[in-house]
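Count along the sequence shown starting at 1, add 87, and that's the number in our numbering.
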Amino acid sequence: TATFILAFAQGAAEAIEGANVMVDGFGVIAMVAMTPLIALQILGFIYKVKSKKGGIKTNE
């Protein structure tokens, strides 16, 4: 997915006047690298909230 998103961002940066391809490309790569980490943190937060409400049964 990173290669597709990077190519898409480069094309968009070239089409937009005043955009820098190198800066925008670096930001897209950083976003692609951080997305799995943020998704896991969000899922962990949802699990924590649901387990406090009693929606998820644990063996404790």
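Positions of the beta carbon are idealized from the N, C-alpha and C atoms, including for glycine.
Between the beta-carbon of V115 and that of L93 there is about 6 Å, and that keeps the pair under the 8 Å contact cut.
When the Cα atoms are used, V136 and L124 turn out to be separated by approximately 19 Å. Taking a 10 Å sphere around the C-beta of A96, we find 16 or more other C-beta atoms and assign the residue as buried. For G131, the uninterrupted alpha helix (DSSP H) segment begins and ends at V108 to K140.
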